[in-house]
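Undergrad:
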Amino acid sequence: PYTARDAAELVQVDYEELNAQPDAEKAVGCDITVHDCAADNVSFHWTLGDKDKTDTAFSGAHTVVRQRMVNQRLIPNAIEPRASFAFYNSASDELTLYVTSQNPHVHRLLMAAFVLQIPEHKFRVIAPDVGGGFGSKIFVYPEECVIAWAAKATGRPVKWTAERRESFMTDHHGRDHVTDAEMALDSDGKILGLRVHTIANLGAYLSLFGPAVPTYLYGTLLSGQYEIPTIFCDVRGVHTHTAPVDAYRGAGRPEACYVIERMVDLGARALSLDPTELRRRNFIPPDKFPYQTPVALTYDSGNYVPALDRALEMLGYEALRAEQAEARKEGRYIGIGFATYIEACGLAPSNVVGSLGAQAGLWESATVRIHPTGKVTVFTGSHSHGQGHETTFSQLVAGEMGIPYEDVEIVHGDTGRVPFGMGTYGSRSGAVGGTAIHMSIEKIKEKAKRIAAHLLEAAPEDIELDAGKFSVRGSADRSKSWFDVSLAAYLAHNIPQGMEPGLDSTSFYDPTNFTYPFGAHIAVVEVDAETGKTELIRYVAVDDVGNVINPMIVDGQLHGGITQGVAQALWEHGVYDESGQLVTASLMDYSIPKADQLPMFETDRTVTPSPVNPLGMKGAGEAGSIASPVAVANAVMDALAPFGIAHIDMPLTPGRVWQAIQDAPNRPEN
197 PYTARDAAEL VQVDYEELNA QPDAEKAVGC DITVHDCAAD NVSFHWTLGD KDKTDTAFSG
257 AHTVVRQRMV NQRLIPNAIE PRASFAFYNS ASDELTLYVT SQNPHVHRLL MAAFVLQIPE
317 HKFRVIAPDV GGGFGSKIFV YPEECVIAWA AKATGRPVKW TAERRESFMT DHHGRDHVTD
377 AEMALDSDGK ILGLRVHTIA NLGAYLSLFG PAVPTYLYGT LLSGQYEIPT IFCDVRGVHT
437 HTAPVDAYRG AGRPEACYVI ERMVDLGARA LSLDPTELRR RNFIPPDKFP YQTPVALTYD
497 SGNYVPALDR ALEMLGYEAL RAEQAEARKE GRYIGIGFAT YIEACGLAPS NVVGSLGAQA
557 GLWESATVRI HPTGKVTVFT GSHSHGQGHE TTFSQLVAGE MGIPYEDVEI VHGDTGRVPF
617 GMGTYGSRSG AVGGTAIHMS IEKIKEKAKR IAAHLLEAAP EDIELDAGKF SVRGSADRSK
677 SWFDVSLAAY LAHNIPQGME PGLDSTSFYD PTNFTYPFGA HIAVVEVDAE TGKTELIRYV
737 AVDDVGNVIN PMIVDGQLHG GITQGVAQAL WEHGVYDESG QLVTASLMDY SIPKADQLPM
797 FETDRTVTPS PVNPLGMKGA GEAGSIASPV AVANAVMDAL APFGIAHIDM PLTPGRVWQA
857 IQDAPNRPEN
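In the working numbering, the protein residues as written are 197 to 866.
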């Protein structure tokens with residue numbers, strides 16, 4: 197491969213260089229266009245909410261706070277870069293592709309139907325354990341199509357792996373919003389309305405979820421945890437000469453949380469209120485759920501005060517405020533930043549996403565098969581690339597069936613073995629994929645009880661399943677094991693008349709609503725006023741993700757999300773120069789976090805089960821990434837409050853913070 201690369205570098209291409217415009221704000225209406233069909237570079241103009249009602253709310257407000265804010269471009273950096281391996285079997289006319297994908301069935305559908313134009317059953321896509329995705333591996337990339345085509349065309353196996361620089365340049369990026377926000381409040385600190393105008397950088401081409409991220413996944417979450425009577429959101433999606441921008445961990449929800457939580461902190465400062473007090477005054481009361489927001493969504497459940505109270509208790513808030521005051525007398529600047537968040541996840545409801553123009557349902561599938569020996573195999577349409585499905589789903593099955601965890605096998609990521617499924621993204625695996633598994637288990641248990649009743653010469657309604665044993669109610673000594681029942685199901689000579697042999701079930705679960713995890717995060721930082729360097733010294737997070745199967749896995753998901761959010765607040769930034777060249781195209785230039793830069797995270801949970809699915813689960817994969825950027829940003833602004841600094845755009849690098857201090861109205865002489 198190195199010889200081929202050296203040879204490729206010898207090829208000289210005579211390019212006609214054109215001007216580039218990587219900046220979305222500058223691209224609007226400029227004479228440098230990306231596509232002839234969009235002369236002003238604006239792909240779409242989208243609005244949500246009641247503009248007139250919102251304008252009226254502002255006209256009668258006691259206080260209005262305004263802020264321009266940038267949610268900078270981020271570049272996903274999974275440990276494993278994208279890779280593909282394809283081979284063609286000419287005897288069976290079958291093409292097999294191993295690929296780093298979060299949704300292999302969708303990958304197969306799109307490539308077979310629209311690229312390779314081959315029958316779907318002649319194309320097998322396998323995505324084994326993938327080393328991280330974060331959204332960037334949902335998409336079909338050109339290299340994967342070329343690899344599959346080349347394998348069939350040459351009759352030889354073909355393999356490709358991206359170099360890290362290629363990943364930086366071509367993996368779809370995330371975030372990149374510029375927003376002007378306004379919040380209206382009355383004299384008691386009640387929020388009256390919110391106005392948001394956002395320019396979203398889409399990159400050069402529309403990606404799979406690209407238009408949805410800054411609209412339906414962003415504008416609909418601007419209410420946060422608050423009872424806001426009216427909101428108006430105005431978004432323009434703009435093409436630039438940059439890599440496409442699409443879903444990156446959180447996908448629209450971190451951007452929305454950043455806007456609303458920065459505005460709440462600015463409102464608290466304007467009204468001289470503690471930031472926790474302003475939040476309390478505006479939380480949606482628990483007796484108002486399900487709650488219809490002014491931006492389309494209906495929150496399924498919530499109880500926000502206990503999460504905030506628990507976080508404050510863990511922090512030792514009053515004592516820390518006293519410590520902060522003493523530190524300021526010594527010239528040390530400690531900041532405490534809050535962020536409460538809500539997330540719409542368990543992405544699914546087909547009728548909802550279909551009505552929004554997605555032209556695809558986002559249900560999930562599962563097949564559960566009990567073998568004659570009583571062992572279990574689960575074939576799930578969800579995909580594991582760091583979420584621990586093999587562990588969590590095995591625990592789910594073992595718990596519901598009363599069998600040893602070791603007796604359960606989880607199969608995913610292979611279109612030749614698992615039923616068609618939509619994959620993993622949007623924190624949906626537990627709430628949607630797990631529920632599909634649960635539904636199959638329930639069907640199997642009902643059939644198994646009928647077989648056990650036949651074997652025990654009892655009525656099916658008298659059969660109880662406990663600890664893996666089927667027994668007759670009131671006669672625990674009369675029982676059959678899963679082995680007895682499953683063996684009978686397959687040998688089939690002694691089962692109820694008319695019953696089909698075997699013991700397996702396939703289910704498809706399409707929920708009626710999203711699920712809505714929430715939480716309260718608190719960051720504590722210390723800013724060195726002489727250098728501008730920010731140190732994160734504590735991070736407290738209390739999340740409510742509904743019922744939890746494996747607390748350790750949930751903690752791991754939250755830790756990873758928090759780390760990525762902290763990195764956005766302090767370090768990460770994808771930057772293009774004026775000519776459209778990516779200047780942060782390596783790990784020397786793009787600052788990803790290291791473990792020694794972070795404190796031990798202090799986490800806890802409240803539990804408010806979701807009424808949407810029978811498991812009461814909500815989703816935890818992205819929760820940590822939603823509140824953490826703005827919690828850290830609010831902490832830095834709190835630390836810099838003595839200087840009169842109200843806002844600095846992320847990332848809050850030492851250079852930016854130092855310059856803000858130099859320009860501050862209350863800058864110290866020394």
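Don't be surprised by glycine CBs; every beta carbon is placed ideally from N, CA and C.
1) Measuring alpha carbon to alpha carbon, tell me which residue in 276, 462 and 490 is nearest residue 250.
2) CA-CA distance, residue 377 and residue 295?
3) Which residue marks the beginning of the beta strand (DSSP E) containing residue 565, and which one marks its end?
4) Once DSSP output is grouped into helix, strand and coil, what is the label at residue 857?
5) Cutting at 8 Å between CB atoms, please list the residues of its own chain near residue 402, excluding the five before and the five after it.
6) At 3 residues or longer, and completely inside the region 290 to 373: list those beta strand (DSSP E) runs for me, N to C.
7) So, helix, strand or coil for residue 541, using DSSP?
8) Per DSSP, what kind of secondary structure is residue 813 in: helix, strand or coil?
9) Measuring CA to CA, which of 266, 270, 323 and 540 is closest to residue 611?
10) Please classify residue 666: does DSSP put it in a helix, a strand, or coil?
11) Does the Cβ-Cβ distance between residue 709 and residue 813 come in under 8 Å?
12) From this set, 309, 334, 677 and 291, which residue's C-alpha is nearest residue 320's C-alpha?
13) What is the rounded straight-line gap between the Cα of residue 458 and the Cα of residue 679?
14) CB residue 618 to CB residue 302, shorter than 8 Å?
15) Taking the alpha-carbon of residue 361 as reference, which of 316, 272 and 508 has the nearest alpha-carbon?
16) Please state if the CB of residue 467 and the CB of residue 259 are separated by a distance shorter than 8 Å.
17) May I ask you to list the residues that DSSP assigns as paired with residue 671?
18) Does residue 245 pass the burial test, meaning 16 or more other C-beta atoms within 10 Å, or should it be called exposed?
19) Tell me where the alpha helix (DSSP H) around residue 822 begins and ends.
20) Below 8 Å on the Cβ atoms is my guess for residue 583 versus residue 421; work out the distance and round it to an integer in Å.
21) Between which two residues does the alpha helix (DSSP H) harbouring residue 589 extend?
22) Does any CB atom of chain B fall closer than 8 Å to the CB of residue 789?
23) In the structure shown, what three-state DSSP assignment does residue 729 receive?
24) Note down, in chain order, each residue of its chain lying with its Cβ closer than 6 Å to the Cβ of residue 487, except the 5 sequence neighbours on either side.
25) If you drop the 5 nearest sequence neighbours on each side, which residues of the same chain put their C-beta closer than 7 Å to that of residue 635?
26) Mind checking whether residue 715 and residue 823 have CB atoms under 8 Å apart?
27) Compute the Euclidean distance between the alpha carbons of residue 400 and residue 368, then round it to the nearest angstrom.
28) Could you give the distance in angstroms between the alpha-carbon of residue 646 and the alpha-carbon of residue 359?
29) Is DSSP giving residue 257 helix, strand or coil here?
30) Does the beta-carbon distance from residue 576 to residue 567 come in below 8 Å?
31) Give the list of continuous alpha helix (DSSP H) stretches no shorter than 4 residues that lie fully inside the region 447 to 476.
32) Kindly identify the DSSP beta-bridge partner or partners of residue 715.
33) Leaving out five residues before and five after residue 445 in sequence, what residues of the same chain have Cβ atoms less than 7 Å from its Cβ?
34) Starting from residue 242 and walking both ways along the alpha helix (DSSP H), at which residues does that stretch end?
35) Taking the beta carbon of residue 534 as the centre, do at least 16 other beta carbons fall within 10 Å, making it buried, or is it exposed?
36) When you compare each of 309, 848, 750 and 808 to residue 802 by their alpha carbons, which one comes out closest?
TA: This is what the structure holds:
1) Here residue 250 refers to the residue found at position 54 of the sequence shown. When only C-alpha atoms are compared, the closest one is 490.
2) Within the sequence shown, the letter at position 181 stands for residue 377. Within the sequence shown, the letter at position 99 stands for residue 295. Approximately 41 Å, taken between the alpha carbons.
3) For this step, residue 565 is matched to residue 369 along the sequence shown. Looking at the DSSP string, the run of the beta strand (DSSP E) that includes residue 565 is 560 to 566.
4) Stepping through the sequence shown from its first residue, residue 857 is reached at position 661. Residue 857: helix per DSSP, three-state reduction.
5) Locating residue 402 in the sequence shown gives position 206, counting from the first residue. 239 and 440.
6) 290 to 295, 319 to 322 and 354 to 357
7) To locate residue 541, count along the sequence shown from 1; it is residue 345. DSSP, reduced to helix, strand and coil, places residue 541 within a strand of the structure shown.
8) Numbered from its first residue, the sequence shown carries residue 813 at position 617. Of the three classes helix, strand and coil, the one that applies to residue 813 here is strand, per DSSP.
9) Taking the sequence shown and counting its residues from 1, one reaches residue 611 at position 415. The residue with the shortest Cα to Cα distance from residue 611 is 323.
10) Reading the sequence shown from its first residue, position 470 is the one you call residue 666. DSSP places residue 666 in strand when its eight states are reduced to three.
11) What you label residue 709 is simply residue 513 of the sequence shown in a count that begins at 1. What you label residue 813 is simply residue 617 of the sequence shown in a count that begins at 1. No.
12) The residue labelled residue 320 in the question sits at position 124 within the sequence shown. It is 291 whose Cα lies nearest to the Cα of residue 320.
13) For the purposes of this step, residue 458 is taken as residue 262 along the sequence shown, with counting starting at 1. For the purposes of this step, residue 679 is taken as residue 483 along the sequence shown, with counting starting at 1. Looking at the backbone, the Cα of residue 458 and that of residue 679 are separated by about 58 Å.
14) Indexing the sequence shown from 1 puts residue 618 at position 422. Indexing the sequence shown from 1 puts residue 302 at position 106. Contact: yes.
15) Looking up residue 361 in the sequence shown gives position 165. Per the Cα distances, 272.
16) Here the question's residue 259 lines up with position 63 in the sequence shown. Here the question's residue 467 lines up with position 271 in the sequence shown. Yes, the Cβ-Cβ distance between residue 259 and residue 467 is below 8 Å.
17) The residue labelled residue 671 in the question sits at position 475 within the sequence shown. DSSP output for residue 671 lists 668 as bridge partner(s).
18) Numbered from its first residue, the sequence shown carries residue 245 at position 49. Buried: at least 16 other Cβ atoms inside 10 Å.
19) Here residue 822 refers to the residue found at position 626 of the sequence shown. 819 to 835 is the span of the alpha helix (DSSP H), which, as asked, contains residue 822.
20) The residue you call residue 583 lines up with position 387 of the sequence shown. The residue you call residue 421 lines up with position 225 of the sequence shown. About 26 Å separates the two Cβ atoms, so there is no contact after all.
21) For the purposes of this step, residue 589 is identified with residue 393 of the sequence shown, where counting begins at 1. Residue 589 -> alpha helix (DSSP H) spans 585 to 597.
22) The displayed structure is made up of one protein chain only, and chain B is not part of it.
23) As a first step, residue 729 must be located in the sequence shown, where it is residue number 533. Of the three classes helix, strand and coil, the one that applies to residue 729 here is coil, per DSSP.
24) Counting from one through the sequence shown, the residue named residue 487 turns up at place 291. Answer for residue 487: 480 and 495, listed in chain order.
25) Walking along the sequence shown from the start, residue 635 turns up at place 439. Cβ neighbours of residue 635 within its own chain (closer than 7 Å, five residues either side excluded): 703 and 705.
26) Looking up residue 715 in the sequence shown gives position 519. Looking up residue 823 in the sequence shown gives position 627. In contact: residue 715 and residue 823 (Cβ atoms closer than 8 Å).
27) Position 204 of the sequence shown holds residue 400. Position 172 of the sequence shown holds residue 368. Rounded to whole angstroms, residue 400 to residue 368 spans 11 Å at the Cα level.
28) Here the question's residue 646 lines up with position 450 in the sequence shown. Here the question's residue 359 lines up with position 163 in the sequence shown. When rounded, the distance between both Cα atoms is 57 Å.
29) Looking up residue 257 in the sequence shown gives position 61. If DSSP states are grouped into helix, strand and coil, residue 257 belongs with coil.
30) By one-based count along the sequence shown, residue 576 stands at place 380. By one-based count along the sequence shown, residue 567 stands at place 371. Contact: no.
31) For the region 447 to 476, whole alpha helix (DSSP H) runs of length 4 or above, ordered along the chain, are 449 to 466.
32) As a first step, residue 715 is located in the sequence shown; it is residue number 519 there, counting from the start. Note: residue 715 is bridge-paired with 537 and 739 in the DSSP secondary-structure output.
33) In the sequence shown, residue 445 corresponds to position 249, counting from 1. Excluding residues within five positions, the ones whose Cβ falls inside 7 Å are 330, 331, 757, 760, 818 and 821.
34) To locate residue 242, count along the sequence shown from 1; it is residue 46. Note, residue 242: premise wrong, no alpha helix (DSSP H); beta strand (DSSP E) at 238 to 245.
35) Position 338 of the sequence shown, counting from 1, holds the residue named residue 534. Counting Cβ neighbours within 10 Å, residue 534 comes out buried, since at least 16 surround it.
36) The residue you call residue 802 lines up with position 606 of the sequence shown. It is 750 whose Cα lies nearest to the Cα of residue 802.
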